[in-house]
Amino acid sequence: MKYGCFATPVGHPSSKEEHMEWRSSFSIAERDLAMSFDDTVMKVYILLKMVRKTCIQPVLKDAFSSYHCKVCMLWMRESTPKQLWCTENILCCLILCIIHLYEWAIAGLFKVRDFYNTYPAEDGDVQVRWNATGVKR
């Protein structure tokens, strides 16, 4: 990976060894990727954050963050045809993202601290955390 990753001292909140665990952070790569969004993708991302702030956050409070919006946008952009992401389809793309976020909510993935570094994969969600002894969880 061009930008590498950082190890940050953030453990899983339900772990007995939370204070000894670390997680991977790809913040620089994520920022670079977000800066590469074209106009359509950026507009959908902004609309998604507006929906979050005005419609979802009043109900779910802190359980749904802008981080979820970013991960959803990255996932949807990679998993749908590039041709879909054009100005004429902004509303369609926004609805697809909202549906995807709804599916994550149904699956119980909106525990904010449990969601960090969770990138959807074909076979489900992957979380990688290490404790001080190097054991993956």
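Residue numbering for the sequence shown follows the numbering used here, beginning at 432 and increasing consecutively.
Beta carbons: idealized from backbone N, C-alpha and C, even for Gly.
- prompt: Cα separation between P440 and A460?
  reply: 19 Å
message: For the alpha helix (DSSP H) containing S458, name the first residue and the last one.
response: Element bounds for S458: S458 to M466.
F437 classed as buried or exposed, judged by whether at least 16 other C-beta atoms fall within 10 angstroms: Exposed, by the Cβ-count rule.
Host alpha helix (DSSP H) of T471 (start-end): Element bounds for T471: D470 to V482.
- prompt: Does the beta-carbon of M504 have 16 or more other beta-carbons within 10 angstroms, so that it is buried, or is it exposed?
  reply: Of the other Cβ atoms in all chains shown, 16 or more fall within 10 Å of the Cβ of M504; this residue is therefore buried.
query: In whole angstroms, what is the alpha-carbon distance linking L532 and M451?
result: 31 Å
- prompt: Grouping DSSP H, G and I as helix and E and B as strand, with all else coil, what is A438?
  reply: strand
field: Distance CB(C528)-CB(L479) smaller than 7 Å
entry: Yes, Cβ-Cβ distance for C528 and L479 is below 7 Å.
query: Does the pairing of the segment 487 to 502 with the segment 516 to 524 give three or more beta-carbon distances under 8 Å?
result: no
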